[in-house]
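Counting in numbering that gives the first Met the number 0, the sequence shown runs from 0 upward without gaps. Cβ atoms here follow ideal geometry from the backbone N, Cα and C, with glycine treated the same way.
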Amino acid sequence: MNNKSKAILYMLFSSFCFALMGALVKLAGDVPTIEKTFFRNLISTFVAAFLVVKNKKNFFGKKENQKYLILRSILGTIGMIGYFYTIDHMLLSDSAMLNKLNPFFVTLFALWFLNEKLSPIQMPSLIVAFIGALFIIKPQFNIEAFPAFVGVISAIFAGGAYTMVRLLGDKEEFYTIVFYFSFVSSCIMFPMMMMNFKPLSLHQFLILMMTGIVASLAQFSLTLAYKLAPAGEISIYNYTNVIFSGLLGFIIWNELPDTFSFIGYTLIIGSGFVIYLYNTKLKNG
0 MNNKSKAILY MLFSSFCFAL MGALVKLAGD VPTIEKTFFR NLISTFVAAF LVVKNKKNFF
60 GKKENQKYLI LRSILGTIGM IGYFYTIDHM LLSDSAMLNK LNPFFVTLFA LWFLNEKLSP
120 IQMPSLIVAF IGALFIIKPQ FNIEAFPAFV GVISAIFAGG AYTMVRLLGD KEEFYTIVFY
180 FSFVSSCIMF PMMMMNFKPL SLHQFLILMM TGIVASLAQF SLTLAYKLAP AGEISIYNYT
240 NVIFSGLLGF IIWNELPDTF SFIGYTLIIG SGFVIYLYNT KLKNG
């Protein structure tokens with residue numbers, strides 16, 4: 000098996016784990032969103048710390064990268080809180096699809112902060128993806144649409160966080176970046192969680208522990224995928240997360256997206272696929 004095939008398998012496994020993480024977050028029930036976020040990141044902190052120690056690296060990275068690591072952590076924390084809130088208040092597949100808007104925001108942030116140039120196909124694709132998001136959100140300008148708007152905002156913050164990861168590039172080891180984010184996020188979440196702490200049942204505690212483990216598997220599988228093959232060649236497989244989320248939502252809660260959501264999925268995934276084809280064609284000349 001060549002590296003690209005391995006990368007695709009890692010990407011598919013990562014997508015399934017992220018979908019399973021979303022299902023577990025929903026299964027935890029009426030636990031406050033802040034509490035769910037804390038436990039998810041606490042487990043990731045220990046997993047990443049183990050890798051840092053094993054590889055004898057610095058826990059907190061280099062001095063010159065601190066502002067980017069802190070920014071990545073703050074943006075990522077806000078994005079995750081928003082995503083978990085959306086999971087609790089929307090269909091699992093809808094929340095997953097809105098979260099998949101983050102690569103489009105990475106493109107915009109990279110344009111502004113990394114001085115990257117837009118390809119001729121990217122701006123039309125961004126517009127189509129935004130229209131797709133509107134089909135999922137179904138704007139009603141009332142409280143019912145609030146979770147969907149939170150989902151878009153969480154994708155914006157996630158896009159900013161991933162832009163920082165991109166900026167860090169080869170400057171830091173991936174497990175250092177994951178540890179820094181998970182540790183800072185846990186520190187931010189802890190006092191907020193204690194202000195509105197809800198005691199967990201054994202069932203909820205075990206589910207949240209599993210959430211952190213599955214999320215760690217997803218994150219590291221994603222990282223390995225991108226180490227084995229260029230992002231442009233494999234990122235399209237990340238959208239399988241929506242399919243996995245849809246299947247889990249249907250099996251566990253009998254959730255079924257409406258026609259407008261399916262149109263939105265088609266537009267967003269189609270936009271990502273067009274960019275993927277364009278990048279592939281460009282690479283192959």
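Exposure of Gly-28, with buried meaning 16 or more beta-carbon neighbours within 10 Å: With fewer than 16 Cβ atoms within 10 Å of its Cβ, Gly-28 is classed as exposed.
Exposed or buried, which one is Lys-61 when buried takes at least 16 other CB atoms within 10 Å? exposed
Alpha carbon to alpha carbon, how far is Gln-203 from Tyr-277? Give it in angstroms, no decimals. Each residue's Cα considered, the two are about 45 angstroms apart.
Which of the three DSSP states, helix, strand or coil, is assigned to Glu-171? For Glu-171, the three-state secondary structure derived from DSSP is coil.
If you draw a straight line from the alpha carbon of Asn-98 to that of Ala-144, how long is it in whole angstroms? 16 angstroms
Taking C-beta to C-beta, are Phe-156 and Ile-77 nearer than 8 angstroms? yes
So Leu-221 and Ser-4 are in contact, right, with Cβ under 8 angstroms, and what is the actual spacing, rounded? Not quite, the Cβ-Cβ distance comes to about 16 angstroms (not below 8 angstroms), so this is no contact.
Within 8 angstroms, do at least three Cβ pairs link the region 26-45 to the region 170-182? They touch, by the three-pair rule.
Distance CB(Leu-11)-CB(Val-213) smaller than 8 angstroms: No, these two residues do not count as a Cβ contact at 8 angstroms.
On the three-state DSSP scale, how would you describe Ile-120? coil
Measuring alpha carbon to alpha carbon, tell me which residue in Ala-95, Tyr-9, Asn-1, Val-51 is nearest Val-24. Ala-95
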